[in-house]
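Going by my numbering, the sequence shown opens with residue 18, and the numbers climb by one from there. Working notes for the structure below.
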Amino acid sequence: IFTRVGAADDLAGGQSTFMVEMNELANILHHATADSLLILDEIGRGTSTYDGLSIAWAALEYLWDPEKIGARTLFATHYHELIELEKYLPGVENLNVAVVKKDEKIIFLRKIMPGGSDESYGIEVARLAGLPRTLLERARAILAGLEAKEEKNVARRIAEKKPVLLQLPLFNPAEDEIGKEILGLKLDEITPRRALELLYSWQEKLNRQKKEA
Numbered sequence: 018i019f020t021r022v023g024a025a026d027d028l029a030g031g032q033s034t035f036m037v038e039m040n041e042l043a044n045i046l047h048h049a050t051a052d053s054l055l056i057l058d059e060i061g062r063g064t065s066t067y068d069g070l071s072i073a074w075a076a077l078e079y080l081w082d083p084e085k086i087g088a089r090t091l092f093a094t095h096y097h098e099l100i101e102l103e104k105y106l107p108g109v110e111n112l113n114v115a116v117v118k119k120d121e122k123i124i125f126l127r128k129i130m131p132g133g134s135d136e137s138y139g140i141e142v143a144r145l146a147g148l149p150r151t152l153l154e155r156a157r158a159i160l161a162g163l164e165a166k167e168e169k170n171v172a173r174r175i176a177e178k179k180p181v182l183l184q185l186p187l188f189n190p191a192e193d194e195i196g197k198e199i200l201g202l203k204l205d206e207i208t209p210r211r212a213l214e215l216l217y218s219w220q221e222k223l224n225r226q227k228k229e230a
């Protein structure tokens, strides 16, 4: 039986919480076998979101792979992206802790249910721990802003295709019109759907211009 549950800094040894976590994970990966039982909690939480998610994802695949380890594993995580692995890795099954929502509060039922969860309830846990009400309200406002920003970033990535369109030959009416439209865009305000509509519109104009030429 191998476990990776909880971690703390090793100040005397000069190791961060994340380094301690990675050392423990490395020990498991090097010594576990198909006959092992593994209990892993929040792999990758001590670093940036994408680094942590990438490590957790790769570790889960490595542990699942019969040619590498193939051990029976309990893998607790708040990386909701990992839920998708159930579709691609035979034997992987999503479970979640059941909750009941009532107004803005939740009640933990302490029951394990089939399926993944798309929420983490971190702010609600902070409320149960007794954090000040004003702080929790501010946290909810920040969370809403971050979620909205994530959607805008999607739109920005789509709209950033504009350099290709701006490097068009001179004196082409359709291309010049598209360039002006791009320069007039407010990327922080455009929605992902509107960005796609604009791309389709620009493509249609360019194709029409090409046929007419």
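Glycine included, each C-beta is placed from N, C-alpha and C at the ideal position.
Anyone know if the C-beta pair for V116 and Y138 falls short of 8 Å?
yes
Residue range of the alpha helix (DSSP H) that N113 falls in?
Counting along the chain, N113 falls outside any alpha helix (DSSP H), though it belongs to the beta strand (DSSP E) covering 112 to 119.
Can you list, in chain order, the residues of its chain with a C-beta nearer than 7 Å to that of L80? Leave out the 5 residues immediately preceding and following it.
L55, I86, A88, T90
Using only CA atoms, which one of H97, M39, I45, P149 lies nearest to L70?
H97
With three or more C-beta pairs closer than 8 Å as the rule, is the stretch 121 to 132 touching the stretch 104 to 112?
yes
Nearest to K122 by alpha carbon, out of I45, R157, L28?
R157
So which of E59, G63, L46 has the shortest CA-CA distance to E84?
L46
May I have the straight-line CA-CA distance separating K197 from R155, to the nearest angstrom?
40 Å
DSSP on R21, reduced to helix/strand/coil?
strand
Residue interval of the beta strand (DSSP E) (run including L55)
54 to 58
Where does I140 fall in DSSP's three states?
helix
My guess is that G63 and S33 are in contact by the Cβ rule of under 8 Å, so how many angstroms apart are they, rounded?
7 Å
Using a 10 Å radius around the Cβ and a threshold of 16 neighbouring Cβ atoms, would you call E38 buried or exposed?
buried
Pair within 8 Å by beta-carbon distance, V22 and D52:
no
Do you know offhand how far A165's Cα is from P107's?
35 Å
From L99 to F19, what distance separates their C-alpha atoms?
21 Å
What does DSSP give as the partner residue(s) for Q9 in the beta ladder?
Because the chain here runs from 18 to 230, residue 9 falls outside it and cannot be looked at.
Per DSSP, what are the beta-bridge partners of I124 in this structure?
V117
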